[in-house]
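Enquirer: 1 is the number of the first residue of the sequence shown in the working numbering; add one for each residue after it. Built from N, CA and C at the ideal position, the CB exists for glycine as well.
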Amino acid sequence: MDALGAAARLVEMTVEYAGQRTQFDRPIGSFQAVKHHCADMALSVEASRAALWAAAVALDGDDSAARLRAVSAAAAFTGDGAGTTAQTALQVHGGIGFTWEHDVHLLIRRIKVDELLDGTVSYHRRRLAAA
1 MDALGAAARL VEMTVEYAGQ RTQFDRPIGS FQAVKHHCAD MALSVEASRA ALWAAAVALD
61 GDDSAARLRA VSAAAAFTGD GAGTTAQTAL QVHGGIGFTW EHDVHLLIRR IKVDELLDGT
121 VSYHRRRLAA A
């Protein structure tokens with residue numbers, strides 16, 4: 001899923017930005033709240049990667065119901081995680097994330113477009129409930 005790549009790139013950019021941006025003569029990455037945000041983003045990306053790998057393995061099997069469940073579960077989990085990662089990255093970047101001076105807004109748009117193309121989180125959750 002393309003949104004996973006965008007979310008992974010957002011984590012990289014956010015960690016780099018947190019190490020460079022200073023507040024009160026300290027990098028903002030040294031503040032506990034920012035560390036927790038970055039750790040949550042990284043955890044979400046890695047868990048989404050595992051869910052997508054599990055869906056890829058399920059696609060190799062013969063059981064069509066299991067394939068549907070695995071793909072919808074991975075899409076819902078990854079879509080939710082990518083959206084949360086995008087919001088958190090924007091929060092850590094602050095106002096510069098909205099501007100043309102930084103590429104954060106491009107990745108956030110990419111995640112939103114992926115949601116429109118691949119189906120929303122609620123759509124995939126409904127598919128899981130029906131399966």
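Would DSSP call R26 helix, strand or coil?
Expert: Reduced to three states, the DSSP call for R26 is strand.
Enquirer: Within its chain, find whatever has a CB closer than 8 Å to the CB of L128; leave out the 5 residues flanking it on each side and keep chain order.
Expert: Apart from sequence neighbours up to five positions away, the residues of its chain that approach L128 with a beta-carbon distance below 8 Å are R69, S72, A73 and A76, ordered along the chain.
Enquirer: Could you say which of A130, E101 and L107 lies nearest to T88 if we only look at CA atoms?
Expert: L107
Enquirer: Within this structure, are the beta carbons of A18 and V45 separated by less than 7 Å?
Expert: no
Enquirer: Measure the alpha-carbon distance for H102 versus R21 and round it to whole angstroms.
Expert: 13 Å
Enquirer: Return the Cβ separation of T78 and M41 in integer angstroms, given the expectation that the two are a contact with Cβ distance under 8 Å.
Expert: 13 Å between Cβ atoms; not a contact.
Enquirer: Roughly how far, in whole angstroms, is the beta-carbon of A58 from the beta-carbon of R67, given that I think they are within contact range, below 8 Å?
Expert: 5 Å
Enquirer: Using the Cα positions of W100 and Q91, report the straight-line distance between them to the nearest angstrom.
Expert: 16 Å
Enquirer: Alpha helix (DSSP H) containing G141: first to last residue?
Expert: Nothing can be reported for residue 141: it is not among the residues displayed for the chain, which extend from 1 to 131.
Enquirer: Answer with buried or exposed for V113, where buried requires no fewer than 16 other C-beta atoms within 10 angstroms of its C-beta.
Expert: exposed
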